[in-house]
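Asker: Please see the structure below; I have some questions.
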Amino acid sequence: MRMHRRTLLALAVFTGLTAPSMALAADDTIKIGLLATFEGPFTVLGEDGERGAMTAIAEMNGTVAGKKIEIVKGSSDASPDSAVRAARKLVEQDGVKVLVGPLSGDEGIAVKDYAKTQPTVTFINGTSAAQDTTLRDPAENFFRFSTDGAQWMAGLGTYAFKDKGYKKVATVAEDYSFPYTQVFGFMAEFCKAGGHVPSKSWVPIGNKDFSSVIAAIPEDVDAIYVALGGADAVNFLTQYQQGGGTAPLIGGSITVDQTVLTSKGKLKDVLKGTPSAGPTADTNDAPAWKAFVEAYKKQPGAFPSPSLFAHGYYVDMKATLLGLDKVGGDVSDGGKKLREALSTLSFDTPTGKVSLDKNRNAIADIFLTEVTEGSDGNLLNKLVKVVPQVNQTLGIPEDEFMKLGAVNRDNPSCP
Amino acid sequence: MSLAIATGATTQRNWLEKLGPGHIILGTALVLYPLVASDFFLTQIGGYSLIFGMLGLSLMLLAGYGGMVSLAQITVAGIAAYAIAILGNANSNILGLGWPWWLAVIAAVFAAALASALIGWISVRTEGIYTIMITLAIATATYYFAQQNYAIFNGHSGYAGIRAPAFWGIGWRDAKPFYYLCLGLAALTYAAVLYGSRSTFGMTLQAIRDNPRRMRALGYHVTAHKVFAWLLSGVIAGLAGVLLVWFNGRVSPGTIGVDAAIDVLIIAVIGGLRHPIGPFLGALVVVLMQTFAIDIVGAERFNTLIGMVFLVIVFVSPDGILGLWGRIKPHLAQESLRPGP
Amino acid sequence: MSLLDRPSQTLSSGGMTLRQAWGVVGLLAAAILAWLVFAVWPDWLNAILISKKAFVSAILNGITLAGLYFLVASGFTLIFGLMRNVNLAHGSLYLLGAYIGYEVTNRTGYWLLGVAAGFAVLAIVGVVMQVFVFRRLEGDDLRQTLVSIGISIVAADLMLAVWAGGTYQITTPEWLDGALTLPVITAVRSNGASVFLTYPLYRVVVLAAAIVIGVGLWLMLHKTRVGMMIRAGVDDRAMLQASGVNVHAVFAIVFAVGAGLAGFAGVVGGSALSVAPGEDVRYLLASLVVVIVGGMGSITGAAIGALLIGLAEQIGLVYFPTYGIVLTFVIMVVTLAVRPQGIMGKAR
Chain D
1 MRMHRRTLLA LAVFTGLTAP SMALAADDTI KIGLLATFEG PFTVLGEDGE RGAMTAIAEM
61 NGTVAGKKIE IVKGSSDASP DSAVRAARKL VEQDGVKVLV GPLSGDEGIA VKDYAKTQPT
121 VTFINGTSAA QDTTLRDPAE NFFRFSTDGA QWMAGLGTYA FKDKGYKKVA TVAEDYSFPY
181 TQVFGFMAEF CKAGGHVPSK SWVPIGNKDF SSVIAAIPED VDAIYVALGG ADAVNFLTQY
241 QQGGGTAPLI GGSITVDQTV LTSKGKLKDV LKGTPSAGPT ADTNDAPAWK AFVEAYKKQP
301 GAFPSPSLFA HGYYVDMKAT LLGLDKVGGD VSDGGKKLRE ALSTLSFDTP TGKVSLDKNR
361 NAIADIFLTE VTEGSDGNLL NKLVKVVPQV NQTLGIPEDE FMKLGAVNRD NPSCP
Chain G
1 MSLAIATGAT TQRNWLEKLG PGHIILGTAL VLYPLVASDF FLTQIGGYSL IFGMLGLSLM
61 LLAGYGGMVS LAQITVAGIA AYAIAILGNA NSNILGLGWP WWLAVIAAVF AAALASALIG
121 WISVRTEGIY TIMITLAIAT ATYYFAQQNY AIFNGHSGYA GIRAPAFWGI GWRDAKPFYY
181 LCLGLAALTY AAVLYGSRST FGMTLQAIRD NPRRMRALGY HVTAHKVFAW LLSGVIAGLA
241 GVLLVWFNGR VSPGTIGVDA AIDVLIIAVI GGLRHPIGPF LGALVVVLMQ TFAIDIVGAE
301 RFNTLIGMVF LVIVFVSPDG ILGLWGRIKP HLAQESLRPG P
Chain V
1 MSLLDRPSQT LSSGGMTLRQ AWGVVGLLAA AILAWLVFAV WPDWLNAILI SKKAFVSAIL
61 NGITLAGLYF LVASGFTLIF GLMRNVNLAH GSLYLLGAYI GYEVTNRTGY WLLGVAAGFA
121 VLAIVGVVMQ VFVFRRLEGD DLRQTLVSIG ISIVAADLML AVWAGGTYQI TTPEWLDGAL
181 TLPVITAVRS NGASVFLTYP LYRVVVLAAA IVIGVGLWLM LHKTRVGMMI RAGVDDRAML
241 QASGVNVHAV FAIVFAVGAG LAGFAGVVGG SALSVAPGED VRYLLASLVV VIVGGMGSIT
301 GAAIGALLIG LAEQIGLVYF PTYGIVLTFV IMVVTLAVRP QGIMGKAR
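Chains as they are written, first to last, in our numbering: chain D, 1 to 415; chain G, 1 to 341; chain V, 1 to 348.
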C-alpha cells in the first residue's frame with residue numbers, strides 16, 4: 001500500500017517533469033520570442049523595449065503574411081547567463097523559430113554565442129550594442145538592425161572639436177564593455193580631428209559617490225565626456241553641480257536618454273546644452289518619427305518620448321516582421337529563406353533608411369543632439385544634425401578599422 | 001561451496017536493504033527519466049537542478065552537519081568555473097592555456113577546495129552567526145574583483161565559448177550524456193555525504209556543531225575539523241562549478257553575484273538542511289519556479305513569489321520541504337492502515 | 001600573571017612603553033596629514049598624488065561618507081549587540097526610508113519633514129518586525145537571519161513594483177545648497193592669487209548630523225536608564241531578564257532606534273546621492289563590513305569602522321579605481337585574520 005502510494009507520487013512528479021515541448025504551433029499563428037530584461041534593475045528599460053516591439057506589431061495589426069503573431073516573452077536580469085537561459089527556454093521549450101532580443105551589451109555577445117548552436121533559429125537583436133557582437137566572430141543567424149555603441153557616437157567627436165572648439169576633454173565612464181565602445185566611438189573621431197584626452201576615469205559599476213572622481217579631473221580640460229547610465233548618471237550630474245563644476249559636458253547616448261532626463265531632481269542646469277549623439281532625437285521633425293511617437297504613446301505606461309530601447313526593439317521587430325512577410329511566414333526550412341530575406345532587407349524606419357552590412361550589422365542614420373528644455377519643462381534631446389548612413393567601421397576602411405584593435409580601457413589613447 | 005553462495009546472497013540482500021526502497025525507486029526513476037523527457041527538460045530542468053542541488057548539498061554539508069551557514073558556495077563553484085575557462089579553451093582572446101580537459105578539471109576542483117578551505121579558515125575564527133556575514137562579504141568581494149580584473153577574470157564580460165569535452169565518441173554537453181554526467185556526479189556526492197555523515201569524522205563534526213566547547217575539552221581540534229569540512233564542501237561545490245560552466249558554456253561575474261549566492265541558500269533552506277536529499281528537492285522546486293514563473297505569474301514579481309515561499313518555509317517548517325514531508329508522512333501512514341475500497 | 005607583566009615593565013624602564021611609541025607614531029601621522037592639508041604642495045607631490053585638490057577632496061569625502069555609513073551601521077550593530085540578530089534586511093530599511101523621505105519631501109515641500117518621516121515610519125516598521133517576526137523566533141539566531149534575508153528579497157521586489165527602477169533625488173532645501181570655501185589652498189595662480197578649496201555644504205551637514213547622533217547614542221547608552229539596560233543586555237541577556245526588566249520592551253526600543261536610524265540615513269543619503277534599486281544591498285554590505293571591522297555590538301567600533309571604510313573607498317576610487325572597491329574587503333579580511341572579533345569587539 002505504502003509502495004503503491006510512492007509509485008503514484010513518482011508518477012505524478014514525472015508527468016510534471018516531462019510535459020512535451022510545445023513546438024507544434026497551430027498553422028495559422030507564428031511564434032516570435034521576445035527577450036528583454038523583465039526583472040532586475042533594468043526592468044524599466046526592458047518594459048520600454050517591449051513597448052517598442054509591440055508598436056511594430058500593432059502597425060501590422062498583429063498579423064504577418066495572414067498568420068496571427070504570437071509573442072512568447074523571455075525574461076533576463078541583464079546578466080549574460082540569465083539571457084542565455086531565457087533564450088534556451090524560448091527556443092528549446094517554447095519552440096520559437098524567430099527570436100528578438102536581448103537588451104544589453106554582454107547579453108548580446110552571449111546570445112550570439114548561443115545562436116551558433118541553433119542554426120535553424122533566426123536571432124534578431126533587441127538593443128544590445130556591443131561592437132563585438134557582430135564585428136568579430138559573428139554568428140550566421142544573428143542580425144542587428146539597430147546600431148552599436150560606437151556607431152551611436154558618430155559625428156560627436158568632430159562636432160565637439162570643430163563646432164564647440166573643445167581641444168582637451170576628460171572622460172568619465174563605467175568600467176565595462178558598453179562604455180568602452182562609446183568612448184571608443186567618441187575618441188576615434190575626436191583624436192583624429194586633433195583633440196586630446198589627457199585623463200580617462202573608469203568608475204566601477206554601482207559606484208554612487210563620484211565627488212572624489214570629479215575632484216581628480218584635471219582643471220584645464222575644456223569639457224568632460226560622460227558615459228554613465230541610469231542612477232550612476234544622475235548621481236554624477238548632481239554631485240558635479242553640487243561641487244560647483246564649471247566645465248561643459250558631452251554626453252554618451254544613455255547619459256542623456258529619457259530615463260535620465262525624466263529623473264526627479266535638479267539636473268536641468270547641468271544638462272542643458274549638453275551635446276550627444278545616438279540613434280534617436282526627441283525633437284526630430286520628420287513625419288515618420290512623429291507618427292512613430294504617436295503610435296508608441298498608445299502603449300500602456302509609455303514615456304513622453306520613446307527611449308532608445310523602445311526605438312531599438314521597434315526597428316528590430318519591424319525588420320523581423322518585414323522579413324517574415326517576404327517569405328510568407330514560412331520558416332519550415334529552418335529559416336533559410338527568412339535569413340536570406342533579412343540579409344538583403346532595406347527599409348525606412350522612423351529614423352531613416354536601414355540596411356545591413358556583410359556581418360549583418362545595421363547601416364543607419366545617427367542623430368547629433370543637444371539637451372534643451374521643452375515647452376512643458378521636460379528636458380529633450382534637440383536634433384542638431386543627422387549623420388547619414390553610418391556603418392560599423394564609422395566610415396573608416398575595414399582593415400584600417402580592425403587595426404585599431406578591440407575596445408578596452410586603454411584603447412584608443414591620445415593624451 | 002554452497003555456503004559461499006549463501007553468504008554472497010545475504011550480503012547482497014543486506015546491501016539492497018541498506019539502500020532502502022526509497023533510494024532504489026528514486027534511482028531507477030532518475031536513470032529512466034531521459035526516456036520520457038524532452039531535451040529541454042533533461043538539461044534545463046534536470047541537469048540544472050542537479051547542478052544547483054550539488055551546490056545546495058555543499059552548503060547542506062556545512063550548515064546541516066557543521067552549523068556553518070555559508071553564502072560563498074557559488075563563489076567556490078565560480079572559482080572552479082573560471083579555472084576551467086582559464087586552463088582549458090575559451091574564445092575570449094585571453095588566456096585559455098589549452099590544458100587537456102581532465103587536467104583542467106582536477107586543477108579546478110583542487111583550486112575550489114583550497115579556496116573553500118581558506119574561506120572556512122577565515123570564518124571559523126569567529127562565532128557561528130558571523131559566518132553568514134563574513135561569507136557574504138567574501139562572496140561580494142570576489143564578485144567585484146572578478147568584475148574589475150581583466151588580466152585573469154576578463155572583467156565584466158568574463159569567458160565565453162567554453163565547451164564540454166568530447167571523448168569515447170560522446171559529446172558530453174549533448175542532452176542525454178550531460179544529464180547522466182550530472183546525475184552520476186550528483187549521486188556520487190550524495191552518497192559520499194550520506195556515508196560521510198555516519199563516519200567518525202561526520203559524527204565528530206555534528207558533535208562539534210552541538211557543543212564545540214565540550215569537544216574542545218575532550219581534546220578534539222575543533223578548527224581543524226571545521227576547516228576540513230569546508231575543504232570537502234569545496235570539492236562538491238567545485239564539481240558543481242565545472243558542470244555549471246559546461247552547462248552555460250560561459251562564466252562571468254554575474255554567475256557569482258550576490259543574487260546567485262542567495263539563490264543557493266534559498267535552495268538549501270527550501271529543500272531542507274537535515275538530509276542530503278533536501279537540497280536536490282529544493283533545487284528542483286526553485287528551478288521549476290524560475291523557469292515557468294514567466295508563463296504563470298509573469299517574471300516581474302517572481303522575486304516576491306520566491307521570497308514568500310522562502311519565508312513561509314522558514315516560519316512553518318525549519319527543515320524545509322523535507323520537514324513538511326516528515327509532518328505529513330505520519331498522517332499518510334495512518335491513512336494507509338485503513339482497508340482499501 | 002605578574003610573571004607575564006614583567007617584560008613590558010623592563011621595556012618601559014629602558015625607554016618608552018609600547019603605548020608611548022604608538023602615541024609618537026600617531027602624532028607624526030597627524031602632523032604629516034596637517035601639512036598635506038594646509039601647505040601648498042610642491043610639484044613632485046602633485047605629480048605623485050594627482051593634485052592637492054584631488055587628495056584633500058578624497059579625504060574629506062571619505063570622512064563625510066563615513067558619517068553616512070556610521071548612521072546605517074550603528075543601528076545594525078546595536079540590534080546585533082543586544083539581540084544577536086543579524087538583520088540582513090537592514091539595507092531594505094535604508095532604501096524604504098529613502099523612498100518615504102522622497103515622497104514626503106516631494107508632497108509637502110519640507111525636507112526636514114521628509115527626514116522626520118523617514119525616521120518615524122521606519123522606527124514603526126522596526127517595532128513591527130521585532131514584535132511580529134523576530135520575537136517569534138527568539139533564541140534561534142539562524143532562523144532570524146534567514147527570515148531577514150527573505151524579508152529583504154520580498155521588500156526589494158515590492159519597492160521595485162511601487163517605485164519602479166527609476167532614480168529619485170530628494171530635493172534639499174536651499175539653505176543646505178551651495179558650497180563652503182575652506183581655508184585650504186589647493187593651488188596658487190600665476191598672478192599670485194590663492195585658489196581655495198570649495199566643498200559642498202550639504203556633505204558637511206551630513207557629517208555633523210552623524211557626529212551629533214553618535215554622541216547622542218553614546219549618551220543614551222551611558223547616561224540613561226534604558227541605555228543601562230541595553231548595555232546590561234548586551235553583556236548578559238539572561239541576567240537582565242532575571243532581574244525583572246521587561247526585555248521585550250527594551251528589544252522593541254532598540255529595534256525602533258536601529259531601524260529609525262537606517263530610515264534617517266536613507267533620507268540623508270538619498271539627498272546626498274540618489275535613491276534607486278540596489279542601494280539596499282550596497283548599504284547592507286557597507287554596514288556588514290563596517291561592523292565586522294569595527295566589532296559587532298560596539299557604537300565606537302562602528303564609528304572607527306565607518307571611518308576606515310569610508311576613507312579606503314574614496315582614496316581607492318581616486319588612486320586605484322580598478323581595485324578601489326576590493327580594498328575595503330581587504331581591510332575586512334586583514335582585520336578578521338588579526339583580530340577576529342573586530343577592532344572594538346569583545347571576545348566571547
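Note that the Cβ used here is the ideal one computed from N, Cα and C, for glycine as well. Source: prediction; values computed, not measured.
1. In terms of DSSP beta bridges, what is Arg144(D) paired with?
2. Closer than 8 Å between beta carbons: that is the criterion. Which residues of the region 149 to 178 of chain D meet it against chain G?
3. Starting from Gln389(D), trace the beta strand (DSSP E) in both directions and tell me its first and last residue.
4. Near Pro350(D), which residues of its chain fall below 6 Å by C-beta distance, leaving aside the five closest residues on each side in sequence?
5. Nearest to Leu59(G) by CA position, among Asp295(G), Leu305(G), Ile262(G) and Thr291(G), is which residue?
6. Ile224(D) and Leu249(D): beta carbons closer than 8 Å?
7. Do Leu237(D) and Val172(D) have their C-beta atoms within less than 8 Å of each other?
8. Taking Phe210(D) as the reference, which of Asp220(D), Tyr240(D), His196(D) and Val183(D) has the closest Cα?
9. For Lys223(V), count neighbouring Cβ atoms within 10 angstroms of its own Cβ and tell me buried if that reaches 16, exposed if not.
10. Less than 8 Å between C-beta atoms, sequence neighbours within five positions excluded: which residues of the same chain meet that for Arg282(V)?
11. How would you call Ala238(V), buried or exposed, if buried means at least 16 neighbouring beta carbons within 10 angstroms?
12. Kindly list, in the order they appear in chain D, the residues whose Cβ is closer than 8 Å to that of Gln44(G).
13. Which runs of the alpha helix (DSSP H), 4 residues or longer, sit entirely within the region 222 to 296 of chain G?
14. Could you give the DSSP three-state label for Asp282(D): helix, strand or coil?
15. Going by the beta-carbon positions, is the gap between Gly254(G) and Ala108(G) smaller than 8 Å?
16. Mark Gly8(G) as exposed unless 16 or more other C-beta atoms lie within 10 angstroms of its C-beta, in which case mark it buried.
17. Residues in the region 223 to 248 of chain G with C-beta within 8 Å of chain D's C-beta atoms, listed in sequence order?
18. Tell me, please, which residues DSSP counts as bridged to Ser201(D).
19. Would the region 17 to 34 of chain G count as touching the region 68 to 80 of chain D if we require 3 or more Cβ pairs under 8 Å?
20. Taking the alpha helix (DSSP H) that Ala265(V) belongs to, which residues open and close that run?
21. Going along chain V in order, which residues have a C-beta closer than 8 Å to the C-beta of Thr375(G)?
22. Please tell me whether Ile299(V) and Leu221(V) are closer than 8 Å, where the distance is taken between their beta carbons.
23. Give a yes or no on whether 8 Å exceeds the smallest Cβ distance from Ile109(D) to chain G.
24. Just mark Trp35(V) as buried or exposed, buried being the case when its beta carbon has 16 or more other beta carbons within 10 Å.
25. In chain V, which residues lie less than 9 Å from Gly243(D) when you measure between Cβ atoms?
26. Considering only their Cβ atoms, is the gap separating Leu345(D) from Leu322(D) smaller than 8 Å?
27. Less than 8 Å between the C-beta atoms of Ala110(D) and Arg163(G), yes or no?
28. At a cut of 8 Å, does the region 148 to 156 of chain G reach the region 229 to 248 of chain G through at least three beta carbon pairs?
29. Would you say Ser92(V) faces chain D, with C-beta separation under 8 Å as the test?
30. Can you tell me where the alpha helix (DSSP H) with Ile170(V) in it begins and where it stops?
31. Between the Cα of Ala113(G) and the Cα atoms of Met133(G), Tyr144(G), Arg125(G) and Ala81(G), which residue gives the shortest distance?
32. Quick one: what does DSSP say Gln239(D) is sitting in, helix, strand or coil?
33. What residues in the region 115 to 140 of chain G have a beta carbon less than 7 Å from any beta carbon of chain D?
34. Select from Ala193(V), Tyr102(V) and Glu174(V) the residue whose C-alpha is nearest the C-alpha of Gly270(V).
35. Using DSSP with H/G/I as helix, E/B as strand and the rest coil, what is Met22(D)?
36. May I ask you to report which of helix, strand or coil DSSP gives Phe367(D)?
Answerer: In terms of the structure at hand:
1. Asn361(D)
2. Asp175, Tyr176 and Ser177
3. Looking at the DSSP string, the run of the beta strand (DSSP E) that includes Gln389(D) is Leu379 to Val390.
4. Around Pro350(D): Ala288, Trp289 and Phe292.
5. Ile262(G)
6. Cβ distance < 8 Å, so Ile224(D) and Leu249(D) count as in contact.
7. no
8. Tyr240(D)
9. exposed
10. Gly91
11. exposed
12. Arg85, Arg88, Lys89, Glu92 and Gln93
13. 222 to 248, 258 to 271 and 277 to 296
14. coil
15. With respect to Ala108(G), Gly254(G) sits apart: the two C-beta atoms are not nearer than 8 Å.
16. Its pLDDT being 44, under 50, Gly8(G) is placed unreliably by the model, and the measurement read from it follows with that caveat. Exposed: under 16 other Cβ atoms inside 10 Å.
17. Asn248
18. By DSSP's assignment, Ser201(D) forms a beta bridge with Val172(D).
19. no
20. Val247 to Ala272
21. Residue 375(G) lies beyond the range of chain G shown here (1 to 341); nothing can be said about it.
22. yes
23. yes
24. exposed
25. Ser57, Ala179, Thr198, Tyr199 and Pro200
26. yes
27. no
28. no
29. Answer no: the Cβ-Cβ gap between Ser92(V) and chain D never drops below 8 Å.
30. Element bounds for Ile170(V): n/a, residue is neither H nor E.
31. Ala81(G)
32. helix
33. none
34. Of the candidates Ala193(V), Tyr102(V) and Glu174(V), Tyr102(V) places its Cα closest to the Cα of Gly270(V).
35. For Met22(D), the predicted structure reports a pLDDT of 43, less than 50, and the residue's modelled location is therefore unreliable. The matter cannot be settled from this model.
36. strand
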